[in-house]
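Worksheet for the structure shown next.
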Amino acid sequence: MASTGPHPGPVAGLLLAAGGGRRLGGRPKALLPHRGRPLVEHAARALREGGCAPVHVVLGAGAAEVRARAGLPGCVLLDNPRWEEGMGSSLRTGLAALAGTGARAAVVSLVDQPGIGAAAVARLRAAYEAGAELAAAAYGGRRGHPVLLGSGHWRAVAGSAVGDRGARSHLREHSGSLVLVECGDIADPADIDTPGDLALLE
């Protein structure tokens, strides 16, 4: 079943912002300029304004500089010393930190998708409140980010998050209960991976 009935409860935000931007010449993605400020600020604000609390931000590449330059009020900043292993290690770091917060679900977002804002986050939260334990933003029917993970899935997700896979394996295994939330009308899932993608930033 896709849901177990309505269940309100705290929904945390988990922003994965540790990437080193290898194909961008080693520029930490969190510090890429967007609208005059570091990109990580935009991504964290989308989670906060989308109704997530607490918001945890996992840092890696350039962590000290991110802490010094980025304004992240109300966010819990986490350091992932193993960030070079890939996104999976950051997801494990974040979920472990959320385990004691009382959050019943988490919206997991990526720092390098500037076209995803608070409206998409709010739609995922609404899916959770309507009963979904696993949900993902979809674009033209194709699964993308952000994703929502009910707390009952965190341990299994962390166990399968290896390399750059993140929650992908777990979502595939539970596709029958995954709720796709169409966000193509309010968000753009394009990510910043190569110098050519920098045109997506303002």
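In the working numbering, the protein residues as written are 2 to 203. Glycine included, every Cβ here is placed at the ideal spot set by N, Cα and C. These numbers were taken from a predicted model, which means no experiment stands behind them.
- The beta carbon of Gly-87 sits closer than 8 Å to the beta carbons of Val-163, Gly-164, Asp-165 and Arg-166 from its chain, once the five residues preceding and following it are set aside; these are given in chain order.
- Nearest to Ala-168 by C-alpha distance, out of Leu-111, Glu-183, Val-122 and Val-58, is Leu-111.
- The criterion of a C-beta distance shorter than 8 Å is satisfied by Glu-42 and Ala-71.
- As DSSP reads the structure, Cys-76 sits in a beta bridge with Val-56.
- A residue is called buried once 16 or more other Cβ atoms fall within 10 Å of its Cβ, and Leu-199, having fewer, is exposed.
- Ala-168 sits in coil when the DSSP states are folded into three classes, being neither helix nor strand.
- DSSP places Val-122 in the helix class (H, G or I) of the three-state scheme.
- For Glu-183, the uninterrupted beta strand (DSSP E) segment begins and ends at 179–183.
- Along the length of the segment 82–122, whole alpha helix (DSSP H) runs at least 4 residues long occupy 88–99, reported in chain order.
- Assignment of Ala-191 by DSSP, reduced to helix, strand and coil, places it in the coil class.
- Taking a cut-off of 8 Å for Cβ pairs, the segment 175–188 and the segment 121–140 touch, as three or more such pairs fall below it.
- When Cβ pairs closer than 8 Å are counted between the two stretches, the segment 49–67 is seen to touch the segment 21–36, the count reaching three or more.
- Listed in chain order, the non-local C-beta contacts of His-146 below 8 Å within the same chain comprise Val-109, Ser-110, Leu-111, Gln-114, Ile-117, Ala-137, Ala-138 and Pro-190, local neighbours out to five positions each way being set aside.
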